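Residue numbers (the numbering used here), protein chains in the order written: chain A, 1 to 348; chain B, 349 to 962.
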Amino acid sequence: MTELINGKGLSLVPKTDGKQSLKDFKSDQEVRWCPGCGDYAILAAVQSFLPELGLRRENIVFVSGIGCSSRFPYYLDTYGFHSIHGRAPAIATGLAASRPDLSVWVITGDGDALSIGGNHLIHALRRNVNLNILLFNNRIYGLTKGQYSPTSEVGKITKSTPMGSLDKPFNPISLALGAEASFVARTIDSDRKHLQSVLREATAHRGTSLVEIYQNCNIFNDNAFEPLKDPEVRDDITLRLEHGQPIVSASKAVVRGANGGVEVVSRSEVSDESILVHDAHNPDPSVAFALSRLDEPAFEHVPIGIFRQVDRPAYDALMSEQMEEAVARQGPGDLADLLMGGDTWRIG
Amino acid sequence: MTKQVQQLDRVIIRFAGDSGDGMQLTGDRFTAGTAEFGNDLSTLPNFPAEIRAPAGTLPGVSSFQLHFADHDILTPGDAPNVLVAMNPAALKANLGDLPRGADIIVNTDEFTKRNLQKVGYEVNPLDDDSLAEWRVHAVPLTSLTVRALEGFDLSKKDAERSKNMFALGLLSWLYHRPTEHTISFLQQKFAGKPEIAKANIAAFQAGWNYGETTESFSVSYEVKPARLAPGVYRNISGNQALAYGLIAASVQSKLPLFLGSYPITPASDILHELSKHKRFGVRTFQAEDEIAGVGAALGAAFGGALGVTTTSGPGVALKAETVGLAAATELPLIIVDVQRAGPSTGMPTKTEQTDLLMAMFGRNGESPVPIVAPMSPSDCFDAAIEAARIAVKYRTPVMLLSDGYLANGSEPWRLPEISSLPDISQEFTTSPNAEDGSFLPYKRDPETLARPWAIPGTAGLEHRIGGIEKADGTGNISYDPNNHDLMVRIRASKVAGIDVPDLEVDDPDGDARVLVVGWGSTFGPIAAGARRVRKNGGKVAHAHLRHLNPLPANTGEVLKRYDKVLLPEINLGQLALLLRARYLVDIISYNRVRGLPFKAEELAGVIQDVIDSD
Numbered sequence: 001m002t003e004l005i006n007g008k009g010l011s012l013v014p015k016t017d018g019k020q021s022l023k024d025f026k027s028d029q030e031v032r033w034c035p036g037c038g039d040y041a042i043l044a045a046v047q048s049f050l051p052e053l054g055l056r057r058e059n060i061v062f063v064s065g066i067g068c069s070s071r072f073p074y075y076l077d078t079y080g081f082h083s084i085h086g087r088a089p090a091i092a093t094g095l096a097a098s099r100p101d102l103s104v105w106v107i108t109g110d111g112d113a114l115s116i117g118g119n120h121l122i123h124a125l126r127r128n129v130n131l132n133i134l135l136f137n138n139r140i141y142g143l144t145k146g147q148y149s150p151t152s153e154v155g156k157i158t159k160s161t162p163m164g165s166l167d168k169p170f171n172p173i174s175l176a177l178g179a180e181a182s183f184v185a186r187t188i189d190s191d192r193k194h195l196q197s198v199l200r201e202a203t204a205h206r207g208t209s210l211v212e213i214y215q216n217c218n219i220f221n222d223n224a225f226e227p228l229k230d231p232e233v234r235d236d237i238t239l240r241l242e243h244g245q246p247i248v249s250a251s252k253a254v255v256r257g258a259n260g261g262v263e264v265v266s267r268s269e270v271s272d273e274s275i276l277v278h279d280a281h282n283p284d285p286s287v288a289f290a291l292s293r294l295d296e297p298a299f300e301h302v303p304i305g306i307f308r309q310v311d312r313p314a315y316d317a318l319m320s321e322q323m324e325e326a327v328a329r330q331g332p333g334d335l336a337d338l339l340m341g342g343d344t345w346r347i348g
Numbered sequence: 349m350t351k352q353v354q355q356l357d358r359v360i361i362r363f364a365g366d367s368g369d370g371m372q373l374t375g376d377r378f379t380a381g382t383a384e385f386g387n388d389l390s391t392l393p394n395f396p397a398e399i400r401a402p403a404g405t406l407p408g409v410s411s412f413q414l415h416f417a418d419h420d421i422l423t424p425g426d427a428p429n430v431l432v433a434m435n436p437a438a439l440k441a442n443l444g445d446l447p448r449g450a451d452i453i454v455n456t457d458e459f460t461k462r463n464l465q466k467v468g469y470e471v472n473p474l475d476d477d478s479l480a481e482w483r484v485h486a487v488p489l490t491s492l493t494v495r496a497l498e499g500f501d502l503s504k505k506d507a508e509r510s511k512n513m514f515a516l517g518l519l520s521w522l523y524h525r526p527t528e529h530t531i532s533f534l535q536q537k538f539a540g541k542p543e544i545a546k547a548n549i550a551a552f553q554a555g556w557n558y559g560e561t562t563e564s565f566s567v568s569y570e571v572k573p574a575r576l577a578p579g580v581y582r583n584i585s586g587n588q589a590l591a592y593g594l595i596a597a598s599v600q601s602k603l604p605l606f607l608g609s610y611p612i613t614p615a616s617d618i619l620h621e622l623s624k625h626k627r628f629g630v631r632t633f634q635a636e637d638e639i640a641g642v643g644a645a646l647g648a649a650f651g652g653a654l655g656v657t658t659t660s661g662p663g664v665a666l667k668a669e670t671v672g673l674a675a676a677t678e679l680p681l682i683i684v685d686v687q688r689a690g691p692s693t694g695m696p697t698k699t700e701q702t703d704l705l706m707a708m709f710g711r712n713g714e715s716p717v718p719i720v721a722p723m724s725p726s727d728c729f730d731a732a733i734e735a736a737r738i739a740v741k742y743r744t745p746v747m748l749l750s751d752g753y754l755a756n757g758s759e760p761w762r763l764p765e766i767s768s769l770p771d772i773s774q775e776f777t778t779s780p781n782a783e784d785g786s787f788l789p790y791k792r793d794p795e796t797l798a799r800p801w802a803i804p805g806t807a808g809l810e811h812r813i814g815g816i817e818k819a820d821g822t823g824n825i826s827y828d829p830n831n832h833d834l835m836v837r838i839r840a841s842k843v844a845g846i847d848v849p850d851l852e853v854d855d856p857d858g859d860a861r862v863l864v865v866g867w868g869s870t871f872g873p874i875a876a877g878a879r880r881v882r883k884n885g886g887k888v889a890h891a892h893l894r895h896l897n898p899l900p901a902n903t904g905e906v907l908k909r910y911d912k913v914l915l916p917e918i919n920l921g922q923l924a925l926l927l928r929a930r931y932l933v934d935i936i937s938y939n940r941v942r943g944l945p946f947k948a949e950e951l952a953g954v955i956q957d958v959i960d961s962d
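Have a look at this one:
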């Protein structure tokens, strides 16, 4: 299993002969996000990460929906498709299922992926289409100018909710795990090193990788993730998830809970042996799910990293297998034979 | 006992029974025998949307009508000459369509007090004189079947199930149909259950023998084979022909076929059929919803596939935004709409032509989409290739408007020579197209106005497309007012300039003053109606539109050539609206929206009325 987890994600995508640099992935288009937007950091991190993959640039495709983040493909000098609201996973599914030689990325936001496009997201995840889905979560609608989103906290005061929002938000990690995702991770726009380390694993994963990126919208929801950036508290509340390592922050540790779940305790209260060791490869997603629930109440402790990374055949591979099997069984298709295939009769 | 044999030139049979009685299968088998015998034929299945409506009720009645003849015919026939009624509900539901003197074969075993009550018969119609104007053949089909199967190791219920094969045997005797195919079909169908296979064959033969010996039938009928054009034929339904047409389009365009689809009546059979043909490189993707179906097809088209989505009206409504995206990104895409009765869920198994204006205008913005509509079940094959030709050549989404009548109806199809199919392949763009060596994704072919189709994997042509307005040439995001006006007009001109063949007029004498125009599946009934009018000395011309957008270049000239133009449609005048607006011709509409095809006799009357009126 680990063999497939390591590095097969892009095995069918042709490699480049030459050397690539960040510059090769910058398009000639002017970037038009608001100054200070978290999207800039993510774009820079992706642009500087892509050369590391060593893929032919023409075999990389970025597909997006609608929203601030969905302008992303215009700024990368690869193939790109800026589609319609919520539908990027569906469009990317058709592309990735029919072209296993492509590295297909989906760029989406919390509104795009979890509200209008929720259905496509969960079905892409369960099918395990070979996609890297980057979900920029800023917990607000930006492009429509500041309405609450499906990840906004309850009681959010916005233009459309002057008395506070009523609906419980989605936890994207819990949702993805519930949708049978084979790769689920969380990272943050301000930590380029961590973001790139997650991308590295996500691209190596064959199947759908869902990466939630906490992204700051400095216009409509500024400082939404401030505790994770504040040097005073961030090391205490950030629980780093690393496969095979104990799950700890500077002062806290995760242990098995009494009710079958997990709980966070002070590090000084427990022995090293009782601290939960992270197993991202566990076929049973229940511990990963329990970990995804630790961010409640918000920002008391936040797991960051890869929650789940398990091996499961990718959709395109299964589809190709059936086609090959059909040819093996019946031979390649012949149009004349097909038309003559029913009960026929001759006149004249 | 020697029985009289009577010659007929054509016969219309309707098999009717409960949804669980196997009427569609019975009709299919009779059709196969008839096709093999060499008659021309046309069929009309008619069944409820419910899989098993309550047994014995009127909503549960399922029927299959078959018209066969010793000459070429155009419709499944107006009124049955023979009704096979497997229960009181089937009798009651279909009696209104029967002309005086028609034969009715009833399964008397099902005419129980309870079954009669279910459909509101207070007195058994077999016992009073309410059926006096028809020739009733009372046959205890169920008990005869059970008796014929006494030697078999079957429960009574299983034995009763074979009564449709008994009926098929009887009708096969009555019309001198060959039996070998049905027997080998049953052997294959029940290959895993030899006892059931044998029982069905025994029931089929018992039905045949019953016809031979009973006194209830003193005459049997012969319909000689039709003199059709020489060639190899098979019987085919519209959905199957459409699926084959898409495969042929994939072969002829050298593009792998990708179908993104969500199950919906009456289009699902295209998905079923295509999913069987993976060895042609066909990928079928059953999506989570209608929107994902078309989205995946468009994504595949971006990657260089022949992207197709199949659906019915409600699905087209859901796909509209993605079709607009295909129009904006100018990628080839085929949207198959097997129209059904609406609005909303409407009547899923019933036919209509009510999606024309949705196909034409049902998107936001100026979003032109070419429309092709097949005229008959077998024409679905050619129409699919034509839709693909336009999509690929002009890089545009194309609507293919079939309907429930074409989808489920069938007719003999003369198989085309593969070498006669058009080459519809287009080259992908593989090198820069600008003078400075860069690639301009919206620099167009000056003749077709098609933009280059450069697919991922092509080095040096990396580019971005999307739904936001694009600058002419570069395709970069543009909000420039004049550029938008230009792009709107270019997209409109591109579709308006698609090469479609001229509209042909069928006017045998050449001096008709009345033109009847139609589109899509009304071809058969209109042509048959016109024939009847001509037979009675009337003069009428018929022109049938297969391309609805753009319309053939000579359409206006044809319409204006006649004193009167009649346009029958199974909607409230959608094409009439377009033609009136475009050509300022005072079209006479004839509209019925009953979920059923027009009848030839009905249209003959309408045409004659128009001829006679001043």
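Where is the CB? At the ideal position from N, CA and C, for every residue including glycine.
Please read all numbers here as calculations on a predicted model, not as lab measurements.
In chain order, Arg627 make up the part of chain B whose C-beta sits under 8 Å from the C-beta of Gln330 of chain A. Per DSSP, reduced to three states, the secondary structure at Gly80 of chain A is strand. Within chain A, the residues Ala97, Ser98, Met319, Met323 have their CB atoms less than 8 Å from the CB of Arg631 of chain B, given in chain order. Using a CB distance cut-off of 8 Å, Glu636 of chain B counts as an interface residue toward chain A.
Contact annotation: Ile683 of chain B and Thr657 of chain B have beta-carbon atoms nearer than 8 Å. Here Gly260 of chain A is not near Ala185 of chain A, since their CB atoms are 8 Å or more apart.
Taking 8 Å as the threshold, the shortest C-beta distance from Ile772 of chain B to chain A does not fall below it. Ala807 of chain B has a beta carbon lying within less than 8 Å of a beta carbon in chain A.
In the three-state reduction of the DSSP assignment, Cys217 of chain A falls in the strand class, which pools E and B. Among the residues facing chain B, Leu135 of chain A is not included, as its CB has no counterpart in that chain under 8 Å away.
Rounded to the nearest whole angstrom, the C-alpha separation of Leu704 of chain B and Gln922 of chain B is 7 Å.
The criterion of a C-beta distance shorter than 8 Å is not satisfied by Ala496 of chain B and Ala545 of chain B. Around the C-beta of Arg509 of chain B, 16 or more other C-beta atoms lie within 10 Å, and the residue is accordingly described as buried. Within the stretch 587–607 of chain B, Tyr592, Ile595, Ala596, Val599, Pro604, Phe606 place their CB atoms closer than 8 Å to a CB of chain A, listed in sequence order. The C-alpha of Ser64 of chain A is placed about 40 Å away from the C-alpha of Ser726 of chain B. By the Cβ rule, the stretch 92–103 of chain A counts as touching the stretch 307–322 of chain A, because three or more pairs are nearer than 8 Å. Rounded to whole angstroms, Asp272 of chain A and Asp236 of chain A show a C-alpha spacing of 17 Å.
If you check the CB distance, Asp388 of chain B and Leu519 of chain B do not come in under 8 Å.
Straight through space, the alpha carbons of Lys912 of chain B and Arg32 of chain A are spaced by roughly 60 Å. Ranking A:Glu201, A:Arg200, A:Tyr214 by CA distance to the CA of Thr151 of chain A puts A:Tyr214 first. Counting C-beta pairs closer than 8 Å gives three or more between the stretch 850–857 of chain B and the stretch 901–915 of chain B, which meets the contact rule. For Gly109 of chain A, the enclosing beta strand (DSSP E) stretches over residues 103–109.
Counting C-beta atoms within 10 angstroms of its own C-beta, Asn583 of chain B has 16 or more neighbours from the protein chains shown and is therefore classed as buried. Interface annotation, Val46 of chain A: not in contact with chain B, CB-CB separation never under 8 Å.
The alpha-carbon separation between Arg737 of chain B and Gly808 of chain B amounts to approximately 28 Å. Sequence-ordered contacts of the stretch 165–179 of chain A with chain B are nonexistent [C-beta pairs closer than 9 Å].
Pairing Ala755 of chain B with Ser585 of chain B gives a Cβ-Cβ distance under 8 Å. If the five residues before and after Ile549 of chain B are omitted, its C-beta is found closer than 7 Å to the C-beta atoms of Ile531, Leu534, all from its own chain and listed in chain order. With contacts defined as CB atoms closer than 8 Å, Thr613 of chain B and Thr697 of chain B qualify as a contacting pair. When secondary structure is reduced to three states using DSSP, Glu153 of chain A falls in the coil class, being assigned neither helix nor strand. Looking at B:Ile825, B:Arg743, B:Pro945, the one whose alpha-carbon comes closest to that of Trp867 of chain B is B:Pro945. The criterion of a C-beta distance shorter than 8 Å is satisfied by Arg267 of chain A and Val248 of chain A. No Cβ of chain B is located within less than 8 Å of the beta carbon of Asn218 of chain A. Judged by DSSP secondary structure, Glu201 of chain A falls within the alpha helix (DSSP H) whose first and last residues are 192–204. At a C-beta separation below 9 Å, Pro51 of chain A has no neighbours in chain B, since its nearest C-beta there lies roughly 15 Å away.
Given a length threshold of 4 residues, each whole run of the alpha helix (DSSP H) inside the stretch 671–758 of chain B is given here in chain order: 704–709, 727–742, 752–756.
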